[in-house]
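Once you know that position 138 of the sequence shown is 137 in numbering that gives the first Met the number 0, the rest is easy, because the numbers rise by one and skip nothing.
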Amino acid sequence: MKRKTGEGILLILLLVLLAFPPTLGSAKDRDFPKKPIRFIVPYAAGSGNDIQTRGLTPYLEKYIGGRIVIENRPGADGRLGMNEAWKSPPDGYTIINAGMPTPLINEKLFPVNYRTKEFTHLYAWSQDNICLVVNAEVFKSTQEFLREGRQRTLAGGISGIGSVSQIAGLSLADAADFKQVNWVPFKGGAETMTNLA
0 MKRKTGEGIL
10 LILLLVLLAF
20 PPTLGSAKDR
30 DFPKKPIRFI
40 VPYAAGSGND
50 IQTRGLTPYL
60 EKYIGGRIVI
70 ENRPGADGRL
80 GMNEAWKSPP
90 DGYTIINAGM
100 PTPLINEKLF
110 PVNYRTKEFT
120 HLYAWSQDNI
130 CLVVNAEVFK
140 STQEFLREGR
150 QRTLAGGISG
160 IGSVSQIAGL
170 SLADAADFKQ
180 VNWVPFKGGA
190 ETMTNLA
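Quick look at the structure:
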């Protein structure tokens, strides 16, 4: 896993170098950045987005020849961070790790200040898969978990109401004919895992 991640980052950097060779652009462009770049992570420290961003940042700093400051803005399934990025000046000094389709879903379901289509997409460097994790002390098998879900109310940790994780959970609960799930929103996957009981 570690080797694949390193190879993936190197491939991304190679593609960026091929797409935007350092010799292209005006003298003004080559002077960028003149100050640190703010990299907003719309989830808590230790979340998947945070780990991705922290792994990629040293390579980006080396490539651009400047400093990048990571700023976690967790809450509301990424809406707080997206709104923060939206209100920043569009000068290239604020970027955000916004994993799709979450910002689009949030834009359709909740009042937000941003419009996803008006952000400039830079690069997609990862693919996230959703998985179900349960406390091994409570459920010993998938069959036991599914049986319990049909017989009693369960609690489900999610990254926010209307989030991709909740939509996946709702789909599972519906397909498995669960009695009821009480959804508990957290600021990110790391906090959800810590509270797994």
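Beta carbons are placed, not taken as given, at the ideal position from N, Cα and C, and that holds for glycine. These numbers were taken from a predicted model, which means no experiment stands behind them.
In the three-state DSSP reduction, Gln-126 falls in the coil class, being neither helix nor strand.
In the three-state reduction of the DSSP assignment, Arg-114 falls in the coil class.
Within the same chain, Lys-178 come within 7 Å of Gln-150 by CB-CB distance, once the 5 residues on both sides are set aside.
By the neighbour-count criterion, in which a residue is buried when 16 or more other Cβ atoms sit within 10 angstroms of its Cβ, Val-183 is exposed. Annotated as distal: Asn-82 and Ala-44, with beta-carbon spacing of 8 Å or more. Between Gly-161 and Ile-104, the CB-CB gap stays under 8 Å. When DSSP states are grouped into helix, strand and coil, Ile-39 belongs to the strand group. With a cutoff of 8 Å on beta-carbon distance, Ile-166 and Tyr-92 are scored as not near each other. In this structure, Thr-191 places its C-beta atom within 8 Å of the C-beta atom of Gly-156. DSSP places Pro-32 outside both helix and strand once states are collapsed to three, so it counts as coil. Apart from sequence neighbours up to five positions away, the residues of its chain that approach Thr-56 with a beta-carbon distance below 7 Å are Phe-38, Ile-67, Ile-69, ordered along the chain. The beta-bridge partner set that DSSP reports for Gln-179 consists of Thr-152.
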